[in-house]
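To start, the structure under review is shown below, and the notes come after it.
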Amino acid sequence: MRTLTMGLSQYPNRPHVQSEPHSADPRWLLRHPASLYASLTMDTSQLPDVTHQKVTFADGLTLDCGMTLPQLTVAYRSYGTLNAQASNAILICHALTGDQYVAETHPVTGKGPWWDMMVGPGRPVDTDVYFVICANVLGGCMGSTGPSDIREDGRHWGMEFPPITIRDMVRAQKRLVEHLGITRLFAVIGGSMGGMQVLEWAATYPAMVFAAVPIATAATHSAQNIAFNEVGRQAVFADPDFAGGQYYTTGRIPAGGLAVARMVAHITYLSEQALSRKFGRKLQTGRASALFGDMFQVESYLQHQGSTFVRRFDANSYLSITRAMDYFDLAAEHDNDLSRAFAGTRTRFCVISFSSDWLFPTAESRVIARALNRAAANVSFVEVTSDKGHDAFLLDEPDLYRIVSGFLAGCAQHAGLT
Amino acid sequence: MSENPEPVRYVAKNMRLDLRLIAEMIAPGSRVLDIGCGDGQLIDELSRQRDCDARGIEIDMAEVTRTVARGLPVMHGDADSDLSHYPDRAFDYVVLSRTLQAVEQPRAVLRQMLRISERAIVSFPNFGHWKVRLQLLWSGRMPMTEVWARPWHETPNIHPCTIRDFFMLCAEEGYAVERWMAIDEAGRKSPWRRFSGLANLFGEQALFMLRRA
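First to last, the protein sequences are chains Y and V. To convert, note that position 84 of the first sequence is 84 in the working numbering; the numbers rise steadily by one, no gaps. To convert, note that position 160 of the second sequence is 160 in the working numbering; the numbers rise steadily by one, no gaps.
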């Protein structure tokens with residue numbers, strides 16, 4: 001028996017599918033033609049090989065877990081021009097499955113910028129005015145140090161990549177920011193897990209953050225969110241192609257498991273209203289057919305989300321980063337008093353939530369805002385009315401962009417940028 | 001009563017002159033919290049003209065959105081439940097304009113205000129005004145005036161009080177009244193400064209600056 005370990009927790013053996021399942025076996029679904037496990041057998045040569053802009057720090061990085069990464073690579077993109085005083089830099093922190101390509105076409109997927117309405121020329125985070133940086137998180141798979149890297153002994157890290165935290169991610173970003181000659185960021189902005197990094201930045205390096213915009217996030221990852229993450233991870237473990245995390249040399253990737261993980265997660269990003277409006281109970285095809293023959297549009301949509309995701313994301317990175325989110329508890333880092341994380345802070349905060357977000361509900365943002373009140377911090381707190389769920393922060397929500405734009409303009413006056 | 005009444009608002013906000021009187025009471029460079037800041041007129045004025053660190057709390061989310069989008073620091077929240085989250089003496093002034101009569105627990109709100117701030121500036125519509133008294137006496141029904149413009153079952157003003165009531169509450173709670181004035185609906189000062197009984201009869205609104213005694 002082999003036990004897979006990941007950080008502080010232990011996972012049971014992944015199930016092996018040894019023979020063609022019996023029809024009475026509930027696992028038959030996994031062999032059904034509509035099953036992603038069956039349809040997504042993918043060899044790794046399908047994954048594009050892209051060179052990312054990056055900087056490597058030879059002295060490595062000591063992590064919260066006590067281990068030291070022998071060297072640290074941070075892949076990043078920047079937009080706009082840093083001014084002579086290096087005072088106009090904005091750091092964008094990406095979410096769980098995001099990356100550094102915030103304001104340009106993605107080199108792997110060919111899709112447009114992931115935060116097109118937020119970052120770019122004339123946008124709220126105006127690249128004609130600000131120097132905008134976005135780095136791939138530590139543990140990621142778009143060029144920054146992560147589980148898919150090859151270690152000194154020539155093997156891939158895989159599941160032996162040390163457990164990382166949101167604070168470790170922020171430490172890695174700080175190295176990049178300093179490398180770029182910036183001593184104080186005008187603003188740090190991010191949604192979801194990006195918002196966790198924003199909070200961690202403000203708590204860990206308060207003097208380096210003039211303004212902070214945590215969006216659709218929480219200071220503590222809830223039990224419910226950990227639970228959803230765990231379902232996703234177990235789906236990855238259950239994929240025979242996962243091979244204990246050492247799939248890099250097998251020529252195959254755990255595409256089915258990772259796709260299921262993405263499908264579960266994707267449901268949590270949407271609201272019931274958004275799903276009903278977009279799909280309702282509509283079928284993908286008009287023809288009548290046998291049980292499981294026809295697909296609901298929502299099924300098809302989720303499978304599409306799953307199958308496209310595995311072409312751009314590494315399963316071990318997914319495990320590593322979801323775990324970092326689960327560990328996140330900013331209050332616990334400060335004697336279980338969140339306000340202490342922000343004691344004496346001079347940072348100006350703008351906390352934003354969305355009314356239909358049930359993954360990071362407004363109540364979680366209110367906890368942050370009230371902790372900031374207890375620290376006598378300068379805080380704006382707005383709930384944007386939206387029926388689009390957690391994903392709203394990436395979508396067309398005019399109030400969100402008005403708020404960020406106005407907040408940054410106000411801060412720019414106080415920072416002497418205008 | 002019109003067929004389509006305005007949606008019920010937490011507080012009336014037609015207070016430009018009133019806000020100017022309040023702004024004049026506040027020393028430049030102060031830390032100020034405006035509870036029920038509406039569209040942010042006062043904190044805007046205080047930040048730009050008086051170099052104050054002025055922040056707001058507002059219950060109406062649409063107002064919060066508009067005001068934050070103008071670059072002003074405003075939090076969604078309300079006087080009853082959000083003041084307890086601020087530390088002692090976090091501010092030099094806390095302002096509650098035309099809101100006291102609409103909060104659930106006016107006494108507790110005042111206590112919180114003078115806990116988190118050195119001074120509290122409070123304005124409220126005066127229920128002791130002669131028109132109010134006369135209407136109740138004459139018609140035997142709840143008064144409806146320009147200030148008290150909504151029927152009893154719709155009004156958000158659940159705790160009306162008179163200038164005399166407010167003086168008595170301050171005495172009970174041990175608050176020092178540093179300044180006070182009666183003002184008319186447009187926010188102009190009334191000439192009853194020296195006679196609180198007359199102010200209570202002829203003042204449509206009252207403006208108080210309190211300090212912990």
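From the three backbone atoms N, C-alpha and C, an ideal C-beta is built for every residue, glycine too.
Shortest Cα-Cα distance from T250 of chain Y to any of Y:V137, Y:M67, Y:L82 and Y:P240 involves Y:P240. Under DSSP, C170 of chain V forms no beta bridge with any residue. Chain order gives no chain Y residues near P125 of chain V, where near means a beta carbon separation below 9 Å; the closest approach is about 29 Å. Judged by DSSP secondary structure, W180 of chain V falls outside any alpha helix (DSSP H) and instead within the beta strand (DSSP E) spanning Y175 to I183.
Taking Y401 of chain Y as reference, the option from Y:P124, Y:G146, Y:H414 and Y:S380 with the minimal CA-CA separation is Y:P124.
Chain-ordered, the chain Y residues with CB closer than 7 Å to the CB of L72 of chain V read G410. In the same chain as V384 of chain Y, and ignoring 5 residues on each side of it, the C-beta atoms closer than 8 Å to its own belong to I352, S353, F354, S355, A392, E397, D399, L400 and I403, in chain order. Ranked by Cα distance from A238 of chain Y, the options Y:G146, Y:L258 and Y:Q224 are led by Y:L258. Counting only the Cα atoms, R366 of chain Y lies some 18 Å from Q224 of chain Y.
Assigned with DSSP and collapsed to three states, Y130 of chain Y falls in coil, not helix or strand. Contact check for Y79 of chain Y against V132 of chain Y passes: the beta carbons are separated by less than 8 Å. A straight-line Cα-Cα distance of about 60 Å links E204 of chain V and T322 of chain Y.
Contact of Y93 of chain V with chain Y is not assigned, every C-beta pair being separated by 8 Å or more. The beta carbon of T127 of chain Y sits closer than 7 Å to the beta carbons of Y79, G80, A103, V119, G120 and P121 from its chain, once the five residues preceding and following it are set aside; these are given in chain order. In the structure shown, G140 of chain V falls within a coil segment according to DSSP collapsed to helix, strand and coil. Under the Cβ criterion of 8 Å, M75 of chain V is counted among the residues facing chain Y. Look at the region 187 to 237 of chain Y and you find these whole runs of beta strand (DSSP E), each 3 residues long or longer: 209 to 215. Residue pairing by DSSP places F360 of chain Y opposite no residue, since no beta bridge is assigned to it.
DSSP, reduced to helix, strand and coil, places R119 of chain V within a strand of the structure shown.
Partner residues in a beta bridge of V103 of chain V, as assigned by DSSP, do not exist. Spatial neighbours of R171 of chain Y in its own chain (CB-CB distance under 7 Å, excluding positions within 5 residues in sequence) are listed in chain order as L61.
Assigned with DSSP and collapsed to three states, K388 of chain Y falls in coil, not helix or strand. Counting only residues of its own chain and dropping the five nearest sequence neighbours on each side, A412 of chain Y has a CB closer than 6 Å to the CB of T418.
Rounded to whole angstroms, the separation of the alpha carbons of L199 of chain Y and A187 of chain Y is 12 Å. Looking at the DSSP output, M209 of chain V shares a beta bridge with V:I121 and V:R179.
Counting every other CB atom within 10 Å of its CB across the protein chains shown gives W201 of chain Y a total of 16 or more, marking it as buried. Look at C37 of chain V here: in three-state DSSP terms it is coil, with no helix or strand label.
In terms of Cβ geometry, D44 of chain V and L72 of chain V form a close pair [threshold 8 Å]. The Cβ atoms of V379 of chain Y and F349 of chain Y sit closer than 8 Å to each other.
Beta-bridge partners assigned by DSSP to V382 of chain Y: Y:I352.
Using a C-beta cut-off of 8 Å, the region 98 to 111 of chain V makes contact with the region 142 to 160 of chain V, since at least three inter-stretch Cβ pairs fall below that distance. Of the candidates Y:R311, Y:N336 and Y:M263, the residue whose Cα lies closest to the Cα of H106 of chain Y is Y:R311. Going by DSSP, L338 of chain Y is part of the alpha helix (DSSP H) stretching over L338 to A341.
Counting only Cβ-Cβ distances below 8 Å, M61 of chain V has contacts in chain Y at V382, E383 and T385, in chain order. A distance below 6 Å between beta-carbons, with the five flanking residues on each side excluded, links D314 of chain Y to the following residues of its chain, in chain order: C141 and S148. Residue contact with chain V for N378 of chain Y: present (Cβ-Cβ distance below 8 Å to some residue of chain V).
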